[in-house]
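Under UniProt numbering, think of the first position of the sequence shown as 1, with each following residue one higher.
Heads up: the structure comes next, in structure tokens.
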Amino acid sequence: MSSEDPSTERAGSSTSLLALIPDRAQLEKERLARVAARERRTNTQKRARSTSPTAPDEVPPRAKASAHAIHPRYIPISPEDRFWKGALKATYNRYARVSKAGSTLAQAIAPASSTERCGLERVLLTSYDVEIDWIESLFPANVPVTYIGNPPRGDSRTDPSVPSPGFYASDTMPNWEMCIPKKPHPRALQHMKLLLLYYSTHLRVIVSTANLTQLDWSRYENMLNLALAEGEVYSQPANTGVGVHESTQLVAAVDALKNTTHPVRMEDFALVHNLHALLDRNSSLFQRFKQHPKVLYDEKTDLWSYKPDYDIHSPADIVALLRQKYYHPSALTPLSSAAGMRVAELRESYPQAREAIEELVNEQPIENRQVLVLRGKRDGAIKHVFWNPIQGEIVKPIDEEFKELWRGLTVPNVVDLASDLENEGLSATKMVESTAKSVPSSGPAPKGKKGKRGAAPRKFKLQNTHLKGVDLSKDFVKPSG
Numbered sequence: 001m002s003s004e005d006p007s008t009e010r011a012g013s014s015t016s017l018l019a020l021i022p023d024r025a026q027l028e029k030e031r032l033a034r035v036a037a038r039e040r041r042t043n044t045q046k047r048a049r050s051t052s053p054t055a056p057d058e059v060p061p062r063a064k065a066s067a068h069a070i071h072p073r074y075i076p077i078s079p080e081d082r083f084w085k086g087a088l089k090a091t092y093n094r095y096a097r098v099s100k101a102g103s104t105l106a107q108a109i110a111p112a113s114s115t116e117r118c119g120l121e122r123v124l125l126t127s128y129d130v131e132i133d134w135i136e137s138l139f140p141a142n143v144p145v146t147y148i149g150n151p152p153r154g155d156s157r158t159d160p161s162v163p164s165p166g167f168y169a170s171d172t173m174p175n176w177e178m179c180i181p182k183k184p185h186p187r188a189l190q191h192m193k194l195l196l197l198y199y200s201t202h203l204r205v206i207v208s209t210a211n212l213t214q215l216d217w218s219r220y221e222n223m224l225n226l227a228l229a230e231g232e233v234y235s236q237p238a239n240t241g242v243g244v245h246e247s248t249q250l251v252a253a254v255d256a257l258k259n260t261t262h263p264v265r266m267e268d269f270a271l272v273h274n275l276h277a278l279l280d281r282n283s284s285l286f287q288r289f290k291q292h293p294k295v296l297y298d299e300k301t302d303l304w305s306y307k308p309d310y311d312i313h314s315p316a317d318i319v320a321l322l323r324q325k326y327y328h329p330s331a332l333t334p335l336s337s338a339a340g341m342r343v344a345e346l347r348e349s350y351p352q353a354r355e356a357i358e359e360l361v362n363e364q365p366i367e368n369r370q371v372l373v374l375r376g377k378r379d380g381a382i383k384h385v386f387w388n389p390i391q392g393e394i395v396k397p398i399d400e401e402f403k404e405l406w407r408g409l410t411v412p413n414v415v416d417l418a419s420d421l422e423n424e425g426l427s428a429t430k431m432v433e434s435t436a437k438s439v440p441s442s443g444p445a446p447k448g449k450k451g452k453r454g455a456a457p458r459k460f461k462l463q464n465t466h467l468k469g470v471d472l473s474k475d476f477v478k479p480s481g
């Protein structure tokens, strides 16, 4: 038996259960105490802000709202930005708010500009559509640029008017080249928008949804993804290598020799352009390079140079070449019978050809000019040049006496024209309708316009009596006395 009183046990059990039930009055009292303490702290902070307006933790409400509203993609790109982990940016839009205008293409290629390279060594551009004049204005003139565009319609293998795949030098920019990619089928397109900017310290990669046109970069909503290559940055063309295939190395070697303006030793040429296989004179690459039709080798001096299409070194050589081309169009270029030549052809053999042609075009007096040119409608640059066969005495100005005789001739007005012709024994030209000879035909009559049978009658001139007595086969001779 337990020595404890049962009534005491029941009382203790009852007390422990009631202790588990919270006292609502006490809870409300504690809550009000916490609210009062919180209000006191808040009032203290407000008074501190009012007495210290330059407190660091105070930010105006509008500034906070605007900071959260502007997305990083709309912040313009600055020349110091480096996107090692990539960044998504919006292109400039003239219709957007100033805070969301985005970045221009000039900002994307920074720090380079149209006048300063700032370490930019080479550029590769691809686009479906392009405004080449606008793109050329964004880069310095001395930076090599390769543009790969959308190939023209048609198949160059069946249509001679369609340019074949390959690289073509620009007529306006000496360091630009245009590439026509090879199409797997005639209806293939090139839709990639890619920019590779080779700086001396980094490589900037830009993949964009915008074509290289002012419209896409100023009025349409487009995005661009920027990134920088990590690790070693390669420059073109020396440090990137020339491929592993022998034919690829041969093309790179011939192209490098073409850009070398003076004869060079093979050891120097191979080391500078990373063509170490050319150092082995027994290799297949060396033998193919030596036998290439565009490679010249001087055994006496042991120097190598590029063989141009035409041996021209001065404006006089250009005139002689154009004269030969005029009289024998197919002798120099069997694939073309044109009497003139493209400036791009001449510049491959003589880089100063454009400046030399400008001198010849501006030669004075005008009757001594030896060349004629065709200029582009958009930029006014010389595109084609021809030898001028009409020069010298035959181009002299018209005799002043003949001009006076011409000015002395007066034409009567329309009212008196008929009577003046009649007084001179002349008659106006008559128009008669020609009647077609009736030819029997078993078929239906030919139809002209809809709803009519047969063609309309044609008209022709019957006579020109005002030239009666004039012998046009004789030259005009000034009357004596």
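Built from N, CA and C at the ideal position, the CB exists for glycine as well.
**Whole alpha helix (DSSP H) elements within the stretch 128 to 165, 4-residue minimum** = 132 to 136
**Prompt:** Apart from the five residues just before and just after residue 209, which ones in its own chain have a Cβ nearer than 6 angstroms to its Cβ?
**Reply:** 222 and 223
**Asked** Nearest to residue 388 by CA position, among 327, 419 and 111, is which residue?
**Response** 327
**Asked** Can residue 170 and residue 164 be called in contact, C-beta distance under 9 angstroms?
**Response** no
**Message:** Just to confirm my understanding: we take residue 167, look at its own chain, exclude 5 residues before and 5 after, and list those with CB closer than 6 angstroms. What are they?
**Reply:** 177 and 179
**Message:** I need the straight-line Cα distance from residue 112 to residue 131, nearest angstrom please.
**Reply:** 20 angstroms
**Message:** residue 266 and residue 285 - do their beta-carbons sit closer together than 9 angstroms?
**Reply:** no
**Asked** Between which two residues does the beta strand (DSSP E) containing residue 305 stretch?
**Response** 303 to 306
**Request:** Could you check which residue in 261, 349 and 114 has the C-alpha nearest to that of residue 135?
**Result:** 114
**Message:** Tell me which residues share the same chain as residue 322 and place their Cβ nearer than 7 angstroms to its Cβ, disregarding the 5 neighbours each side in the sequence.
**Reply:** 341, 371, 385, 386 and 387
**Asked** Looking at C-alpha atoms only, which residue of 475, 403 and 154 is the closest neighbour of residue 186?
**Response** 154
**Request:** Please go through the same chain and pick out, in chain order, the residues whose beta-carbon is closer than 8 angstroms to the beta-carbon of residue 356, but skip the five residues on each side of it.
**Result:** 314, 315, 318 and 350
**Message:** Whole angstroms are fine: how far does the CA of residue 196 sit from the CA of residue 125?
**Reply:** 7 angstroms
**Asked** Are residue 392 and residue 367 close, meaning C-beta to C-beta below 9 angstroms?
**Response** yes
**Limits of the beta strand (DSSP E) - the one that residue 298 falls within** = 295 to 298
**Prompt:** Is the shortest distance between the beta-carbon of residue 171 and the beta-carbons of chain B less than 9 angstroms?
**Reply:** Considering every chain present, this structure includes no chain B. It has just one protein chain.
**Request:** Going by CA-CA distance only, name the one from 268, 26, 298 and 104 that's closest to residue 212.
**Result:** 104
**Request:** Might you give, ordered along the chain, the residues of its own chain that have their beta carbon closer than 8 angstroms to the beta carbon of residue 95, omitting 5 neighbours on each side?
**Result:** 219
**Request:** Evaluate residue 403 with the Cβ neighbour count: other Cβ atoms within 10 Å of its Cβ, from every protein chain shown; 16 or more gives buried, anything less gives exposed.
**Result:** exposed
**Asked** What distance in whole Å lies between the Cβ atoms of residue 217 and residue 306, which are believed to be in contact at a cut-off of 8 angstroms?
**Response** No, residue 306 and residue 217 are not in contact; Cβ-Cβ is about 39 angstroms, not under 8 angstroms.
**Prompt:** What first and last residue would you give for the alpha helix (DSSP H) that runs through residue 421?
**Reply:** 414 to 423
**Prompt:** Given that a residue counts as buried once 16 or more other Cβ atoms are within 10 Å of its Cβ, and exposed if not, what is residue 77?
**Reply:** buried
**Request:** Take residue 258 and list the residues in its own chain whose beta-carbon comes closer than 7 angstroms to its own, dropping the five residues that flank it on each side.
**Result:** 306
**Item:** Contact set for residue 289: own chain, Cβ-Cβ below 8 angstroms, skip 5 residues either direction
**Value:** 250, 253, 254, 278 and 295
**Candidates 264, 261 and 275, of which the one nearest residue 248 by Cα** = 275
**Prompt:** Which residue or residues does DSSP assign as beta-bridge partners of residue 375?
**Reply:** 382
**With 16 other Cβ atoms within 10 Å as the buried cut-off, status of residue 262** = exposed
**Prompt:** In this structure, what does DSSP give as the bridge partners for residue 167?
**Reply:** 179
**Request:** Figure out for me which residue from 320, 301 and 137 has the closest Cα to the Cα of residue 214.
**Result:** 137
**residue 55 (DSSP reduced to helix, strand or coil)** = Confidence in residue 55 is poor, its pLDDT being 45 and thus under 50, which makes the residue's placement too unreliable to answer from.
**Request:** Sort out for me which residues DSSP pairs residue 349 with in a bridge.
**Result:** Answer is none; residue 349 lacks a bridge partner.
**Request:** Measure the alpha-carbon distance for residue 183 versus residue 191 and round it to whole angstroms.
**Result:** 12 angstroms
**Message:** Let me confirm a value: residue 145 is counted as buried when at least 16 other C-beta atoms fall within 10 Å, else exposed. Which label applies?
**Reply:** buried
**Message:** On the CB-based measure, 16 or more other CB atoms within 10 Å of its CB, does residue 32 come out buried or exposed?
**Reply:** exposed
**Limits of the unbroken alpha helix (DSSP H) element including residue 404** = 400 to 408
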